[in-house]
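K.L.:
Okay, so the sequence shown: first residue is 132 according to this note's numbering, each after it adds one.
Don't be surprised by glycine CBs; every beta carbon is placed ideally from N, CA and C.
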Amino acid sequence: MQFRYLSIATLLCIAMSFPLQAMPAIHNGIDALWHHQYKKAEQVFSQLAERGNAHAMYWLGNTYQLEGGMKRLDAGRILLKAAEMGDPWAMERLDPDNGLSLCTVWPCNSKWKSRAVEGWEKLSKQGDGKATFSLMFHKENTYWYRFTRWIPGMGQEKLNQMALKAFHQGYQGAAVYLFNHNKSANLKYLIQAAKNNFIPAYAKLAIYYKEKNNVNLMNKYKNIAIQSGDMRFIKLLFHVYIQGIFRYKKDFDKAYYYGKITTLYGDDVSEVFGKNAPEEFSLSTKVAKDNQVVLTQEAKEFVRTHPPYHYYDEFSIPFNVMDF
132 MQFRYLSIAT
142 LLCIAMSFPL
152 QAMPAIHNGI
162 DALWHHQYKK
172 AEQVFSQLAE
182 RGNAHAMYWL
192 GNTYQLEGGM
202 KRLDAGRILL
212 KAAEMGDPWA
222 MERLDPDNGL
232 SLCTVWPCNS
242 KWKSRAVEGW
252 EKLSKQGDGK
262 ATFSLMFHKE
272 NTYWYRFTRW
282 IPGMGQEKLN
292 QMALKAFHQG
302 YQGAAVYLFN
312 HNKSANLKYL
322 IQAAKNNFIP
332 AYAKLAIYYK
342 EKNNVNLMNK
352 YKNIAIQSGD
362 MRFIKLLFHV
372 YIQGIFRYKK
382 DFDKAYYYGK
392 ITTLYGDDVS
402 EVFGKNAPEE
412 FSLSTKVAKD
422 NQVVLTQEAK
432 EFVRTHPPYH
442 YYDEFSIPFN
452 VMDF
């Protein structure tokens with residue numbers, strides 16, 4: 132009898148756990164978005180939004196915007212739902228003063244500006260690093276910041292303190308902001324972000340150490356960024372090798388390889404592969420025919436095993452002002 136009751140209790144626990152296991156977390160949707168799996172991202176965000184997750188509704192709107200076409204127009208309706216559900220980032224997107232929003236066709240309203248700040252303040256007090264970072268940008272956009280920017284202890288220094296607080300609260304992207312404003316002083320935060328697997332940090336560190344002629348560290352972070360499928364960095368390598376910029380020597384074979392990967396990822400740079408390409412950048416004439424076949428095959432194999440990666444968060448373009 133005791134065994135029977137134990138079995139029933141165990142079965143009940145298993146049955147109750149299935150809905151929890153089946154319901155994905157919001158990070159699953161964002162990860163799908165990072166890898167351009169829009170349909171999967173939509174599915175995850177829709178499931179969570181239907182259960183009342185306001186931030187999932189916000190990300191569903193972002194997904195619609197990235198997909199473009201008529202969905203881009205419909206993104207405003209979804210963001211409005213997210214704002215009404217209480218998501219401050221959705222509220223900020225519907226502020227008419229937000230130059231990156233489509234307020235000519237979206238249901239924007241100035242009332243959302245103050246409500247967004249109230250939402251961020253509440254979340255920041257609860258230890259939300261992204262909310263603290265949002266408050267930093269709000270302060271940067273205030274009238275008085277323009278006059279206090281260079282005053283010690285105020286202006287930019289105050290913003291840096293808020294960014295550092297956001298970083299310690301867990302928002303890794305704050306390390307990029309700090310690094311951009313003072314590379315030598317804030318390098319340690321970018322390195323820590325890289326250790327925490329914040330993928331945009333790898334490319335920035337690779338570029339930094341290239342400038343410092345530190346070959347070992349440059350190669351370390353360069354290889355990690357490439358293996359992560361970082362689309363922007365791989366496209367950057369295509370440009371630096373074809374033009375010989377940023378202390379890189381021209382290497383048309385490498386340019387061909389990274390250009391093929393970029394094209395296979397869906398970012399068309401095919402103009403340099405065709406007959407009508409400018410002579411100095413015509414890879415079809417500068418790379419041996421047999422080598423073109425080998426490099427194309429290697430690029431296809433890389434793309435087969437390394438899905439494209441493009442980082443998005445609440446602050447990245449086209450949603451906000453950060454260029455990761």
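So Trp459 packs on His441, CB below 8 Å; how close in whole Å?
P.N.:
Because the chain is modelled from 132 through 455, residue 459 falls outside the range shown and cannot be assessed.
K.L.:
For Ser447, which beta-bridge partners are listed by DSSP?
P.N.:
Within the sequence shown, the letter at position 316 stands for residue 447. According to DSSP, Ser447 shares a beta bridge with Met453.
K.L.:
Could you name the residues of the same chain whose beta carbon sits closer than 8 Å to that of Gln152, not counting the 5 residues immediately before and after it, in chain order?
P.N.:
The sequence position of residue 152 within the sequence shown is 21, counting from 1. Residue placement at Gln152 is poorly supported in this model, since its pLDDT is 48, which falls under 50; the coordinates still yield a value, given next. Counting only Cβ-Cβ distances below 8 Å, and skipping sequence neighbours, we find nothing.
K.L.:
In angstroms with no decimal places, state the Cα-to-Cα distance between Val175 and Met285.
P.N.:
Mapped onto the sequence shown, residue 175 falls at position 44. Mapped onto the sequence shown, residue 285 falls at position 154. Approximately 42 Å, taken between the alpha carbons.
K.L.:
Kindly indicate which residue of Ala337, Thr393, Pro331 has the alpha-carbon position closest to the one of Phe369.
P.N.:
Residue mapping note: residue 369 aligns to position 238 of the sequence shown, counting from 1. If we check each option's Cα against that of Phe369, Thr393 comes out closest.
K.L.:
Tell me the start and end of each unbroken alpha helix (DSSP H) in the segment 152-230 that is at least 4 residues and wholly inside, in chain order.
P.N.:
157-165, 169-181, 185-198, 201-215, 219-224, all fully within the segment 152-230.
K.L.:
For Asp361, does the three-state DSSP call read helix, strand or coil?
P.N.:
On the sequence shown, residue 361 is found 230 positions in, with the first residue counted as 1. Note: Asp361 maps to strand in three-state DSSP.
K.L.:
Could you check where the alpha helix (DSSP H) with Phe268 kicks off and where it finishes?
P.N.:
Taking the sequence shown and counting its residues from 1, the one referred to as residue 268 is at position 137. That run of the alpha helix (DSSP H) goes 260-271.
K.L.:
Hey, which unbroken runs of the alpha helix (DSSP H) at 4 residues or more fall wholly within the segment 356-423?
P.N.:
362-374, 383-395, 414-417
K.L.:
Under 9 Å between the Cβ atoms of Leu367 and Tyr339?
P.N.:
Locating residue 367 in the sequence shown gives position 236, where the first residue counts as 1. Locating residue 339 in the sequence shown gives position 208, where the first residue counts as 1. Against a cut-off of 9 Å, the Cβ pair of Tyr339 and Leu367 comes out as no contact.
K.L.:
Which of the three DSSP states, helix, strand or coil, is assigned to Tyr302?
P.N.:
Within the sequence shown, numbered from 1, the residue matching residue 302 stands at position 171. Three-state DSSP puts Tyr302 in coil, outside helix and strand.
K.L.:
So who's on the other strand from Tyr440, going by DSSP bridges?
P.N.:
Counted from its first residue, the sequence shown places residue 440 at position 309. The partner list for Tyr440 (beta bridge, DSSP) reads Asp361.
K.L.:
Under a Cβ-count criterion, where at least 16 other Cβ atoms within 10 Å of its own Cβ denotes burial, should Trp275 be classed as buried or exposed?
P.N.:
Against the sequence shown, residue 275 aligns to sequence position 144. The residue in question, Trp275, is exposed, as its Cβ has fewer than 16 Cβ neighbours within 10 Å.
K.L.:
Name the residue from Tyr352, Val418, Ile355, Ile357 whose alpha carbon lies nearest to the alpha carbon of Phe383.
P.N.:
One-based indexing of the sequence shown puts residue 383 at position 252. Selected option, being the one with the closest Cα: Val418.
K.L.:
Could you give the C-beta distance for Lys353 and Ala337, rounded to a whole number, given that I count them as a contact under 8 Å?
P.N.:
On the sequence shown, position 222 is the one that residue 353 refers to. On the sequence shown, position 206 is the one that residue 337 refers to. Right, their Cβ atoms sit about 4 Å apart.
K.L.:
Measure the Cβ-Cβ separation of Gln287 and Arg277 and say whether it is below 9 Å.
P.N.:
Numbered from 1 along the sequence shown, position 156 holds the residue referred to as residue 287. Numbered from 1 along the sequence shown, position 146 holds the residue referred to as residue 277. Not in contact: Gln287 and Arg277 (Cβ atoms no closer than 9 Å).
K.L.:
How big is the Cα-Cα spacing for Ile157 and Tyr379?
P.N.:
As a working mapping, residue 157 is identified with position 26 in the sequence shown. As a working mapping, residue 379 is identified with position 248 in the sequence shown. If I take the Cα positions, the gap works out to 40 Å.
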